[in-house]
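Sequential numbering from 1 applies to the sequence shown in this note's numbering.
Below is one structure, written out as structure tokens, with a few remarks after it.
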Amino acid sequence: MTGTEIVGQTMNTGIIIVAAGRGTRAGGELPKQWQCVGGQPVARWTLQAFAGRGLIVMVIHPDDRAVAEAAAQGLDVRLVPGGADRAASVAAGLEVLAKNTPDKVLIHDVARPCVSATVIEAVLAALDTHAGAAPALAVTDALWTGDAGLVSGTQDRTGLYRAQTPQGFDFEQILAAHRAHSGGAADDVAVARAAGMTVAIVPGDEANLKITAPGDFSRAANQLRGKMDVRLGNGFDVHAFEDGDHVVLCGVAVPHTHKLKGHSDADVGMHAVTDAIYGALAEGDIGRHFPPSDPQWKGADSAIFLRHAVSLARARGYAIGNIDLTLICERPKIDPHADEMTEKMASIMELDGNRISIKATTSERLGFTGREEGIAALATATLVAS
Ligand code: MG
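As structure tokens, then:
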């Protein structure tokens, strides 16, 4: 890691994501942290919120290792088996981090996937001047006591806060506090205060909700929608017919009375898909990356272009969501070859075939495609930040 310093933060921060709970109140077959919200597991959103901010340890129930590995795939996260209760799980995470002697540690509930950079940075900044810091929201609703469905009294809300996470601490002090603690604490702030540490309150965020009840999944999805980075691109290409006996479409040689004219193999379908991916990345088109003036691309297999566009997308952190391609021609008939084309494209793009749609239409004998002067292709691609 580099020593790059951001305000209130160094790379010498340890992060513990507490994910060993069974989360039965939220409903569903799996513990809530492994259930999907906004297209991916709750835990993955949480891990992504902390990615790049330090060494991340996720404390899990031993039975959840496979789902945890799936949720953390491609992220730099160490999985650690948790203990009998929350405090024991945090203690297990602290002991693992102790080998790396971080200056600070952030301890966060996995079920708060909507935590913002603002909240994380406020906690880290407060740790420059306090042994502990945690986000909280002042209670603004009136507080009642109730008995058998009736209001039995009102409670003064002055000085009351709703606690959130991440709770941040000086690493050595919270490690010592946990080692000395006998258990049964509500949270890490309670452990810290029992050891005499001062804990500053920093502004929390209503969006930093904890998924607890089934209805919280849709609330979280609404918050996370703004974080979803989905890109859409389109591509259009045309190649004219010339004398020949087959055309190459989506990597498949289809017998025909003509071939397609072009600098490369003139695979009009693959070109449209490639341009759609470049378009989604705002990276121009095939001509920019593989100039037709360059003789080395003469007769080239268009799979080279498609592979390049796909690898560029992946290098930028995008997965291909789906591809939809329409070939426009009177002949040859595409349908008998569509499955083979899908298979070929799927293999080149290393993508599941069910994410690739290849279909065809005629132009009702109108225009250049109707007069059988050539083939046109129209493609759409979606890219999803992964
Ligand atoms: Mg072309």
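For glycine and all other residues, C-beta sits at the position ideal for the given N, C-alpha and C.
Taking only the alpha-carbon atoms, compute the straight-line gap between residue i and residue j and give it to the nearest angstrom.
| i | j | result |
| --- | --- | --- |
| methionine 270 | glutamine 223 | 37 Å |
| isoleucine 17 | valine 90 | 9 Å |
| aspartate 141 | glutamine 167 | 24 Å |
| glycine 196 | alanine 131 | 10 Å |
| glutamate 340 | glutamine 164 | 53 Å |
| glutamine 155 | glycine 146 | 11 Å |
| glycine 54 | lysine 359 | 47 Å |
| histidine 178 | arginine 307 | 52 Å |
| alanine 194 | lysine 210 | 25 Å |
| phenylalanine 305 | leucine 97 | 45 Å |
| glycine 153 | tryptophan 144 | 6 Å |
| alanine 88 | isoleucine 174 | 13 Å |
| glutamine 40 | histidine 181 | 36 Å |
| glutamate 69 | alanine 43 | 10 Å |
| alanine 200 | asparagine 354 | 51 Å |
| alanine 19 | asparagine 234 | 41 Å |
| leucine 387 | isoleucine 323 | Residue 387 is absent from the structure shown; the chain starts at 1 and stops at 386. |
| histidine 108 | glutamate 29 | 23 Å |
| glycine 3 | threonine 101 | Its pLDDT being 36, under 50, glycine 3 is placed unreliably by the model, and nothing is read from it. |
| glycine 367 | isoleucine 348 | 32 Å |
| aspartate 63 | aspartate 85 | 15 Å |
| alanine 377 | glycine 38 | 32 Å |
| alanine 111 | alanine 66 | 18 Å |
| aspartate 335 | proline 113 | 45 Å |
Applying the criterion that 16 or more other CB atoms from any shown protein chain within 10 Å of the CB defines a buried residue, is residue i buried or exposed?
| i | result |
| --- | --- |
| arginine 371 | exposed |
| methionine 228 | exposed |
| isoleucine 6 | Low local confidence applies: a pLDDT of 39 at isoleucine 6 is under 50, so the model's placement there is unreliable, with the coordinate-based value given in what follows. Exposed, since its Cβ has fewer than 16 Cβ neighbours within 10 Å. |
| threonine 362 | exposed |
| proline 31 | buried |
| lysine 45 | Before going on, a small fix: residue 45 reads as tryptophan here, not lysine. The residue is buried, with at least 16 neighbouring Cβ atoms inside 10 Å. |
| glutamine 73 | exposed |
| alanine 220 | buried |
| glutamine 9 | Low confidence applies here, because glutamine 9 scores a pLDDT of 39, under 50, leaving its location unreliable; read the following figure in that light. Glutamine 9 should be labelled buried. |
| threonine 13 | buried |
| alanine 138 | exposed |
| proline 291 | exposed |
| aspartate 267 | buried |
| aspartate 275 | buried |
| lysine 344 | buried |
According to the Cβ coordinates, are residue i and residue j closer than 8 Å?
| i | j | result |
| --- | --- | --- |
| valine 123 | valine 202 | yes |
| isoleucine 286 | alanine 313 | no |
| valine 230 | threonine 382 | yes |
| phenylalanine 217 | glycine 374 | no |
| alanine 300 | serine 264 | yes |
| phenylalanine 50 | lysine 104 | no |
| glycine 262 | histidine 239 | yes |
| leucine 325 | serine 357 | yes |
| glycine 317 | alanine 385 | yes |
| valine 115 | glycine 93 | no |
| leucine 106 | isoleucine 15 | yes |
| alanine 136 | leucine 127 | no |
| threonine 393 | isoleucine 320 | This structure leaves residue 393 out entirely; the chain is present only between 1 and 386. |
| asparagine 208 | valine 119 | yes |
| aspartate 243 | histidine 258 | yes |
To which residues does DSSP link residue i through a beta bridge?
| i | result |
| --- | --- |
| serine 182 | In the DSSP output, where bridge partners are listed per residue, serine 182 has none listed. |
| aspartate 237 | Ala377 |
| phenylalanine 169 | Val105, Gly132 |
| methionine 228 | Per DSSP, none; premise fails for methionine 228. |
| tyrosine 161 | Ala138 |
| methionine 58 | Ile17, Leu79 |
| serine 357 | Asp324 |
| threonine 145 | Gly153 |
| isoleucine 201 | Ala134 |
| alanine 70 | None; alanine 70 has no bridge partner. |
| lysine 298 | Beta-bridge pairing links lysine 298 to no other residue. |
Does the beta-carbon of residue i, which I'm using as the reference point, lie nearer than 7 Å to any heavy atom of the ligand GDP?
| i | result |
| --- | --- |
| glutamate 350 | Only the ligand MG can be found as ligands here, which leaves the ligand GDP out of the picture. |
Flag residue i as yes if its beta-carbon sits less than 8 Å from any beta-carbon of chain D, otherwise no.
| i | result |
| --- | --- |
| asparagine 12 | Absent from the structure is chain D; it holds one protein chain and no more. |
Report all residues for which the CB-ligand distance to some heavy atom of the ligand MG is below 7 Å; order them along the chain.
-> Going along the chain, the residues that qualify are Asp237, His239, Gly262, Ala266, Val268, His271, Ile286.
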